[in-house]
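Below: one structure, written as structure tokens.
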Amino acid sequence: MKDRLLPYWLLIPAFIIVLATTIYPLAYSFITSFRDWDLTESRRPGGFVGVENYAYAASESAFLNSLWVTTVFVVTSVILTVILAVALALLLRRTGPMHTFTRIILILPFAMSPALIGVSYRFMFNPEFGVLAQGLGAVFPALQGVPWLADPLLAMGILVLTDVWHWTPYMTFMCLGGLASIPRETEEAARIDGASNLRIIFGIILPQMRGVILVMAVLKTIFALKMFDQVVTLTGGGPGTSTETLAYFIFNVGFRWFDMGYASALAWILTAIMMFISIWYVRMLLSERKMATA
Amino acid sequence: MKLFTSAIAIAASLYGAQVFAWEATEGRPYEGQTVNVLAVKSSQFEAHEARVAAFEEATGIDVVYDYVPFPNMKEALTTEMVAGGEYDVVSVMDQWVVSLRQLMAPIGPGIEAQGTDLGDFPAAHMRHGMLDGELIGLPVRGHVQLLFYRADLLEAAGVTPPQTWQEMVTAAKAIQSSTDAAGIALPYGKLNGQNLMVWMNLLWGKGGDLFGADGNPIFNSDAGIAATETYVSYINEEIVPAGSAVFVEQDAVNSFKQGNSAMLPVWWWVRSQLTDPEQSTLTPEQVGFTALPAVDGADRTTYTNTWIFGVTQESDVKDAATEFLGWLTDPALEREVLLDPELSEVVAVHMSNLTDPEVNARWGGMHQAAADALATAEGVEFGDNWPRIALILETAISSLASGEESDVKAALDKAAKDIAAIR
Chain A
31 MKDRLLPYWL LIPAFIIVLA TTIYPLAYSF ITSFRDWDLT ESRRPGGFVG VENYAYAASE
91 SAFLNSLWVT TVFVVTSVIL TVILAVALAL LLRRTGPMHT FTRIILILPF AMSPALIGVS
151 YRFMFNPEFG VLAQGLGAVF PALQGVPWLA DPLLAMGILV LTDVWHWTPY MTFMCLGGLA
211 SIPRETEEAA RIDGASNLRI IFGIILPQMR GVILVMAVLK TIFALKMFDQ VVTLTGGGPG
271 TSTETLAYFI FNVGFRWFDM GYASALAWIL TAIMMFISIW YVRMLLSERK MATA
Chain B
2 MKLFTSAIAI AASLYGAQVF AWEATEGRPY EGQTVNVLAV KSSQFEAHEA RVAAFEEATG
62 IDVVYDYVPF PNMKEALTTE MVAGGEYDVV SVMDQWVVSL RQLMAPIGPG IEAQGTDLGD
122 FPAAHMRHGM LDGELIGLPV RGHVQLLFYR ADLLEAAGVT PPQTWQEMVT AAKAIQSSTD
182 AAGIALPYGK LNGQNLMVWM NLLWGKGGDL FGADGNPIFN SDAGIAATET YVSYINEEIV
242 PAGSAVFVEQ DAVNSFKQGN SAMLPVWWWV RSQLTDPEQS TLTPEQVGFT ALPAVDGADR
302 TTYTNTWIFG VTQESDVKDA ATEFLGWLTD PALEREVLLD PELSEVVAVH MSNLTDPEVN
362 ARWGGMHQAA ADALATAEGV EFGDNWPRIA LILETAISSL ASGEESDVKA ALDKAAKDIA
422 AIR
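These protein sequence lines map, in sequence, to chains A and B.
Just so we're aligned: the first sequence equals residues 31 to 324 in my numbering.
Just so we're aligned: the second sequence equals residues 2 to 424 in my numbering.
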């Protein structure tokens, strides 16, 4: 009897921590999302207002803009990161001293704080003394004096660049793990049959990497949906509202406007989007496995 | 009855300086209590902390300072307001006061009992310490705007310091034709409403305002459109540095400090940075200042910025905290910091110090210029929706500056509509 209960007893500390740090805040914010709570008026939540906060979101142009900005950011960031990670993993999967060294160097961007990355890139693209702005201007004279972060399109491009730079190494290592699990025999057989490198990559390696790539894509999508740090330190959501992501907009609503009810509703909209994407990806993944084992 | 005089006052009188008006409460009733202070990171407040031992000795109260950088200060205050209990005295910027009303406790009777002369504070600063008719804070740090300029570049270009915005454009073009420096460094980017601070002067100068008597937005009036067109036109006329569309205040200051711009309208406290050899390439001889330019035919204006110190509602030692506020806002403490040859602190919020001959002699008349500006400055009435209003307005200016929007009237109309729709 004691042995049967022991695992549950051992789980209790972890369960309490998860309950206190994840489940309780989530439940509290869900309830808050149906209440009117202006922090400037009261430190306690006000009365229930039904779905008013959610309905307000649907009609507010600033929210709809942040949804669009987030969509653009997520799509470009995920596609670029996954493509670069796969390409780098294919280059680095061989063994040798240079490859080991490169792998070590590669992890450095991921080890950096996202906020610090934003500050660094803001300096590097400063048109007066930024090393990247000056360097690009020296190599390509047409780019001399380009106000990189002052243009809405370029600012979004640089925001995507910082995120891709930050996440590609981690995704590359995930990809390397996936590549290591592919049996070498099929690739060697194809080479003996005279298949080209491109044919081997697209015909043999990538189809077997599909599962790993899907996991990479779902993880990267979730992280991209939460993009906040670099927006704060790199662009401040500007110029205008061109880089105002949903996470940054929620922060403004909650901690600058003090509209906690509305901010909670927006946070749950973001959570719902992430849950929908996660479930969709997992279902796709499971159906792939079923097909593979059928 | 107050009999005890602080050790600082004694020391000051020994040196023939102004005697401290503040006196510790008789009997040291708060001895042994600790006052925790949450202050924004600032060398001025660090100078106060360096002198706090005298207060502690006179009152028996321990004072512990915690500093938070400006970009994180609002979040720190919000946490204190919601969670409460950690700090007894907090520094709050004027724009945040109303939205943080749950944080601050009334201090009127305690301050009155200490004999603090509220009439010594300029009205534009003092108004931010009042909320619903009650005193909830006292100004400790306050700013007016001045136009700093490169004296050597203006001289080389054959122009005098501009007194109007039109003269400033003319001077900027003349400077650019004779040097590599941009004419003027201005902030157009988004950060806590920084791009509104110069724009507001143009708005007032053109006869406009943010809101009408009924509280509705009127910044999209003809005057507002003209002011905004003028502000954005400086980018199109290329008299500001490249990339100014995303410049926040510090970027503009850096541009001036690095010798890349010739003029800089900014808060006066920046003065100490501009010739600091560790931060700037400029020498004191190269940097001059004058009052902020006026719009042709209009009175001079200045946007003001004020930091008040108040006592928190959750404080368990409110009386000790109020006693500390009395010491902190003593004009003699401020004067001592202003005249300390080891420091480079220019900030003052007492008219007695702003007009003090010795202070003005040390700082080249800057304080008298500030006093003149403050004499007519009214300050802005910030409501509890101000953070949101500021974000909408600064976004409109940023959009126009970056070219994301090109129609000034449409952008201001949209901002007015968004502000009117705030729930």
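Each residue gets a CB set at the ideal place from its N, CA and C atoms; glycine is no exception.
As the structure is a computational prediction, the values presented were derived from the model and not from experiment.
Out of Pro218(B), Asp300(B), Tyr235(B) and Asn202(B), point me to the one whose CA is closest to Val267(B)'s CA. Asn202(B)
Can you tell me whether Phe5(B) is helix, strand or coil according to DSSP? Unreliable placement is indicated for Phe5(B), whose pLDDT of 36 sits below 50; no coordinate value is reported for it.
Interface residues of chain B around Phe258(A) at Cβ under 8 Å? Ordered by position in chain B, no residue passes the 8 Å Cβ test against Phe258(A), which lies about 13 Å from the chain.
From Phe103(A) to Met186(A), what distance separates their C-alpha atoms? 7 Å
Out of Ala225(A), Glu158(A), Pro144(A) and Lys320(A), state which residue places its alpha-carbon closest to the alpha-carbon of Gln174(A). Glu158(A)
At a CB distance below 7 Å, what residues from the segment 189–211 of chain B approach chain A? Give them in sequence order. Gly190, Lys191 and Leu192
I want to see whether chain B comes within less than 8 Å of Gly266(A), judged by CB atoms only; does it? yes
Would you report the Cα separation of Trp269(B) and Ala374(B), rounded to the nearest angstrom? 12 Å
Compute the Euclidean distance between the alpha carbons of Ala263(B) and Gln251(B), then round it to the nearest angstrom. 15 Å
Own chain partners of Arg313(A) with C-beta closer than 7 Å, once the 5 adjacent residues on each side are dropped: none
For Met142(A), which of helix, strand or coil comes out of DSSP? coil
Determine the direct distance from the alpha carbon of Thr132(A) to that of Met204(A), and round the result to whole angstroms. 15 Å
Consider the Cβ of Val233(B): report whether some Cβ of chain A lies at a distance smaller than 8 Å. no
Rounded separation between Thr265(A) and Asp259(A) - CA only: 10 Å
Counting C-beta neighbours from all protein chains within 10 Å, is the total for Leu319(B) 16 or more, i.e. buried, or is it exposed? A small correction: the amino acid at residue 319(B) is Lys; Leu does not occupy that position in the sequence shown. Result: buried.
Which same chain residues, not among the five before or five after Leu244(A), have their C-beta less than 8 Å away from its C-beta? Tyr311, Met314, Leu315 and Glu318
Distance check for Ser92(B) and Arg123(A), CA to CA, integer angstroms please. 56 Å
Counting only beta-carbon atoms, is Gly291(A) nearer than 8 Å to chain B? no
Please compile the residues from chain C whose C-beta is within a distance smaller than 9 Å of the C-beta of Pro182(A). Judged by its chain identifiers, the structure shown contains no chain C, and its protein chains are A and B.
Which one or two residues does DSSP pair with Ala63(B) in a beta bridge? It is Asp, not Ala, that sits at residue 63(B) in the sequence shown. DSSP lists Thr35(B) as partners of Asp63(B).
Could you please tell me which residues of the segment 89–105 of chain A, in chain order, have their CB closer than 9 Å to any CB of chain B? Glu90, Ser91 and Ala92
Using three-state DSSP, classify Leu197(B) as helix, strand or coil. helix
Following the continuous beta strand (DSSP E) through Thr313(B), name the residue where it begins and the one where it ends. Asn306 to Thr313
Just to confirm the assignment: which complete beta strand (DSSP E) runs, minimum length 3, are found wholly within the segment 237–269 of chain B? 262–268
Listed by chain order, chain A residues near Leu392(B) by CB distance under 7 Å: Asn282 and Arg286
Report back the beta-carbon spacing between Gly289(B) and Ala152(B) to the nearest angstrom; my notes put them in contact at under 8 Å. 4 Å
Within 8 Å of any Cβ in chain B, is that where the Cβ of Asn156(A) sits? yes
Own chain, CB closer than 7 Å to Met201(A), minus 5 neighbours either side, in chain order: Thr111, Val112, Ala115, Met246 and Lys250
Would you call the segment 308–319 of chain B and the segment 167–185 of chain B in contact, with 3 or more CB pairs under 8 Å? no
Taking only runs of the alpha helix (DSSP H) that begin and end inside the segment 161–241 of chain B, which ones reach a length of at least 4 residues, in chain order? 166–179, 197–206 and 223–237
Applying the criterion that 16 or more other CB atoms from any shown protein chain within 10 Å of the CB defines a buried residue, is His196(A) buried or exposed? buried
Where His144(B) falls, given that 16 or more other Cβ within 10 Å makes a residue buried: buried
Could you confirm whether any beta carbon from chain A is found closer than 8 Å to the beta carbon of Pro218(B)? no
Relative to the C-alpha of Ile309(A), which residue among Ile252(A), Pro177(A) and Tyr278(A) is closest? Ile252(A)
Secondary structure of Leu340(B), DSSP reduced to three states: helix
Per-residue burial, Met142(A) [other beta carbons within 10 Å of its own, 16 or more giving buried]: exposed
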